[in-house]
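Protein chains in written order, with the numbering used here: chain A, 1259 to 1379; chain B, 1186 to 1296.
We put the CB at the ideal spot given by N, CA and C, even for glycine.
Source: prediction; values computed, not measured.
Structure record follows, encoded as structure tokens.
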Amino acid sequence: DAGVTQSPTHLIKTRGQQVTLRCSPKSGHDTVSWYQQALGQGPQFIFQYYEEEERQRGNFPDRFSGHQFPNYSSELNVNALLLGDSALYLCASSAGHWPPFVTSGGHNEQFFGPGTRLTVL
Amino acid sequence: QQPVQSPQAVILREGEDAVINCSSSKALYSVHWYRQKHGEAPVFLMILLKGGEQKGHEKISASFNEKKQQSSLYLTASQLSYSGTYFCGTESGGSNYKLTFGKGTLLTVNP
């Protein structure tokens, strides 16, 4: 059973460019969350998708946008890249209905993918 | 608001115990604990829910004090494989279904 997968593994871009990162959730999972992790920091929540809709959003500018496809996979798009966007971008998936951490059987854990390391020069 | 973790770092010898704390200024609905090794994804350890339910790792235990909005992770008889950075993620509930992570606690277990 494949876990959460992300592509690409590494990416180097220059300021002003646009980037798209991809995520496939763990089998059976339908909720996808995206996080930005700067060096030495904890993951920071960007947004969360369920049923192809953005359900929750963190404190990130509109330059950060996303999409979820009918097969539950997701993309994160970042426009007009800044140096400060350099970070590890993590995708996490969880199972069940909405809300994502609550099901009739109790809470469901969230599984993280290996991340995409984005470097903006 | 970001939860505060303590200590920031701890060094143990194999077999010793450690406690990692996580506190929040907001009322919490649940606390999630993860361990991340260098260059790898965070790995789920434990969920603790308001009301006492918990779900997670066999060899790691945790507590959740709802009144104090605090959680503690207990690592007993530590093994070399326990080394890594431990993060707590807090969920405030209501209509806010997202995790806010602390800055992490770096745990190093030496032989």
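Collapsing the DSSP output to three states places Y1214(B) in coil.
Taking a beta-carbon distance threshold of 8 Å, G1289(B) counts as an interface residue toward chain A. The closest CA to that of C1207(B), considering only F1229(B), G1274(B), S1268(B), is found on G1274(B). S1323(A) places its beta carbon 8 Å or farther from that of C1281(A). Taking every protein chain shown into account, the CB of K1284(A) has 16 or more other CB atoms within 10 angstroms, so this residue is buried. In this structure the segment 1194 to 1211 of chain B touches the segment 1279 to 1294 of chain B; the number of beta carbon pairs closer than 8 Å is three or more. Scanning its chain for C-beta atoms nearer than 6 Å, with the 5 sequence neighbours on each side dropped, one finds around P1301(A) the residues Y1293, Q1295, L1348, in chain order.
As for any beta strand (DSSP E) of minimum length 3 sitting wholly inside the segment 1279 to 1345 of chain A, the runs are 1289 to 1295, 1302 to 1308, 1311 to 1315, 1322 to 1326, 1332 to 1336, ordered along the chain. Among the CB atoms of chain B, none fall inside 8 Å of the CB of F1322(A). If you look at G1274(B), you'll find it in the beta strand (DSSP E) that goes 1269 to 1276.
Look at the beta carbons and you see the segment 1247 to 1258 of chain B not touching the segment 1261 to 1272 of chain A: under three pairs across the two are nearer than 8 Å.
Neighbours of F1369(A) in chain B, taken as residues at a C-beta separation under 7 Å, are given in chain order as F1229. Beta-bridge partners assigned by DSSP to Q1264(A): C1281(A). Taking 8 Å as the CB threshold, I1205(B) stays off the interface with chain A.
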